[in-house]
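Residue numbers (the numbering used here): -12 to 137.
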């Protein structure tokens, strides 16, 4: 049985945040369950988020994803499960202090989601720039990180 959002949660955010997060969690688990922890699994989970975010609307409008990255945004807490997933994956990538980069990762991730929502389609070049930055950040921040083979 699915978790339903309260009317206030839907009203204040413009979209069913709990429904979105539950569906996102299920999608991420479905596609990453058999994968070993690491950069590839992190990237795939982020791709799943972007596709789910692109499909999600606030009524007829795209969800203003980048506003959720602001520390003062009243609904920022709705994306705590996404932050926790990212934090866990960063730890699995060998980053000893994931909180030191988590805000920047989340901000950049949501900026891509925002631009894609605005344009109404995936933006492969933006995604690749994000992933290039993420790989470089993981390599720099983690002595344990290794490049994927193959």
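All residues carry an ideal CB built from backbone N, CA and C; glycine is no exception.
- request: Take residue 87 and list the residues in its own chain whose beta-carbon comes closer than 8 Å to its own, dropping the five residues that flank it on each side.
  value: Here residue 87 refers to the residue found at position 100 of the chain shown. So the list reads 128, once near-sequence residues are dropped.
message: Using C-beta distances below 8 Å, list every residue in its chain close to residue 103, excluding the 5 sequence neighbours before and after it, in chain order.
response: Along the chain shown, one-based indexing puts residue 103 at 116. These residues qualify, in order along the chain: 37, 40, 41, 109, 110, 113.
- request: Starting from the C-beta of residue -8, find all residues in its chain whose C-beta is less than 7 Å away, skip the five residues before and the five after it, and write them out in chain order.
  value: The residue you call residue -8 lines up with position 5 of the chain shown. Reliability fails at residue -8, whose pLDDT of 40 lies under 50, so the model's placement of it is uncertain and the value that follows must be treated cautiously. Within the same chain, residue -8 has close Cβ partners 3, 4, 5, 6.
field: Beta-carbon spacing of residue 97, residue 66 below 9 Å
entry: Your numbering for residue 97 matches position 110 in the chain shown. Your numbering for residue 66 matches position 79 in the chain shown. Contact flag set, yes.
- prompt: Leaving out the 5 sequence neighbours to the left and right, which residues in its chain are closer than 8 Å to residue 99 when beta-carbon positions are compared?
  reply: Translated into positions along the chain shown, residue 99 becomes position 112. Closer than 8 Å at the Cβ level, and outside the excluded window around residue 99, lie 37, 110, 113, 114, 117.
- prompt: Near residue 33, what residues of its chain come up, given a Cβ to Cβ distance below 7 Å and the 5 sequence neighbours on each side ignored?
  reply: The count along the chain shown starts at 1 and reaches residue 33 at position 46. Correct list, in chain order: 96.
- prompt: Would you call residue 76 buried or exposed, if buried means 16 or more other Cβ atoms sit within 10 Å of its Cβ?
  reply: Indexing the chain shown from 1 puts residue 76 at position 89. It is buried - the Cβ of residue 76 has at least 16 other Cβ atoms within 10 Å.
- prompt: Unbroken alpha helix (DSSP H) runs of length 4 or more, entirely within the region 82 to 132: which are they?
  reply: 86 to 106, 111 to 128
message: At 4 residues or longer, what runs of the alpha helix (DSSP H) sit wholly inside the region 43 to 71?
response: none
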